[in-house]
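Asks: Using my numbering, read the sequence shown as starting at 531 and increasing by one per residue.
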Amino acid sequence: MKLQIGRAAQLAGVSRSAMHRALKSGKLSYTTDERGTRWVDQSEIARVFPDTARAEPRNEPRHIGTHADDRLVEHLMRQIADLQAERDRLLSIIEREREPRQLAAPSWWRRWRG
């Protein structure tokens, strides 16, 4: 199966720049299509990066689905909602403070003395 550079790097568990260095140095062979897109065969990735190549990319989420995980997610969602409410409350206070205030009329003493 042929993969583009970004997906190949993800599968190999290396950065895109490491993948480009391997391509440029000739360690990793590739083919290009009519648009100039580089394609790397999956067997080439396993050959050049044997220790890091795996069937599942590193950044893909894996769902365990335990009850404890579900409770943790619910707890974190409640915390996020509370923090958002607190943020909104503080922003409204800041906006009220930024509104121009009416200047008080000068005291009778200042008016009398001029």
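Just so it is clear, CB atoms sit at the ideal spot from N, CA and C, and this is done for glycine as well.
Give every residue of the same chain whose Cβ lies closer than 7 Å to the Cβ of Thr567, excluding the five residues on either side of it in the sequence, and list them in chain order.
Replies: Gln534
Asks: Where DSSP assigns a beta bridge to Gln534, which residues make up the other side?
Replies: Trp569
Asks: Roughly how many whole angstroms lie between the Cα atoms of Asp571 and Leu558?
Replies: 9 Å
Asks: Cα separation between His605 and Asp581?
Replies: 38 Å
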